[in-house]
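Peer 1: Positions in the sequence shown are counted from 1; adding 123 to them yields the numbering used here. In this text, a Cβ means the ideal position worked out from N, Cα and C, and glycines have one as well.
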Amino acid sequence: MKLFQIRQGATGTILWTGSAADPIAALDAMAHEAGYYDHADIPDHLRAGGLHAEEIRV
Numbered sequence: 124m125k126l127f128q129i130r131q132g133a134t135g136t137i138l139w140t141g142s143a144a145d146p147i148a149a150l151d152a153m154a155h156e157a158g159y160y161d162h163a164d165i166p167d168h169l170r171a172g173g174l175h176a177e178e179i180r181v
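1) Per DSSP, what are the beta-bridge partners of E177 in this structure?
2) Grab me the residues of T140's own chain with a C-beta within less than 8 Å of its C-beta, minus the 5 sequence neighbours each way, in chain order.
3) Under the assumption that M124 contacts A154 (Cβ atoms under 8 Å), give the Cβ distance between them as a whole number of angstroms.
4) Within the continuous beta strand (DSSP E) that includes I165, where are the two ends?
5) Which residue or residues does DSSP assign as beta-bridge partners of T140?
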């Protein structure tokens, strides 16, 4: 597993940090923790400006 950080593109706000196999799995994990089925269910106002999943190193 890799460590990812997801940011909201328009504001740069960090929405989630955690481990996942790849960027899509990270988006799905973030959405699931927020109560959504997967990243496709995330509301448009959060996706405005894009969601950026970036692998981070610690």
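Peer 2: Taking the structure as given:
1) For E177, the beta-bridge partners assigned by DSSP are Q128.
2) L126, F127, Q128, I129 and I179, listed in sequence order.
3) Rounded, the Cβ-Cβ distance is 18 Å, inconsistent with contact.
4) Following the DSSP letters along the chain, one finds I165 in no beta strand (DSSP E), marked with neither H nor E.
5) The partner list for T140 (beta bridge, DSSP) reads Q128.
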